[in-house]
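Trainee: Below is the structure I would like to discuss, written out as structure tokens.
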Amino acid sequence: MRKARNLAYKDDTIDVHGLFIPEAMKKVNTALQKAIWDGRKMLRVIVGRGLHSQDGRPKLRPAIMMEMSR
1 MRKARNLAYK
11 DDTIDVHGLF
21 IPEAMKKVNT
31 ALQKAIWDGR
41 KMLRVIVGRG
51 LHSQDGRPKL
61 RPAIMMEMSR
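If you want it as structure tokens, here you go:
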């Protein structure tokens, strides 16, 4: 289903909500490398709001933001 969900978006969008941090990071890094290779200037990352996390707080967005700020 995740693959079908991502196929519905444009090439500049990746949906990683519902994934664990390591697999989301891998997908984001792969998509970012492809976006750079294709000469795109933007990559939209859908992370969700964290409502299904154990403590109800977002995990993906902070992790991705921290990785991208390096």
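Anchor point for the sequence shown: position 52 equals 52 in my numbering, and the numbering is continuous, going up by one each time. Even glycine gets a Cβ: it sits at the ideal position worked out from N, Cα and C.
1) Just the Cα atoms here: how many angstroms apart are Ile46 and His17?
2) Got a sec, what are the start and stop residues for the beta strand (DSSP E) Val47 sits in?
3) Using a 10 Å radius around the Cβ and a threshold of 16 neighbouring Cβ atoms, would you call Leu60 buried or exposed?
4) Just to check my reading of the structure: Lys27 and Ile36 have Cβ atoms closer than 8 Å, yes? What is that Cβ distance to the nearest angstrom?
5) For the candidate residues Arg49, Gly39, Phe20, whose alpha-carbon lies nearest to that of Asp12?
Mentor: In brief:
1) 6 Å
2) It is not in any beta strand (DSSP E) - Val47 carries neither H nor E in the DSSP assignment.
3) Label assigned to Leu60: buried.
4) Actually they do not touch by this definition, with Cβ atoms about 15 Å apart.
5) Gly39
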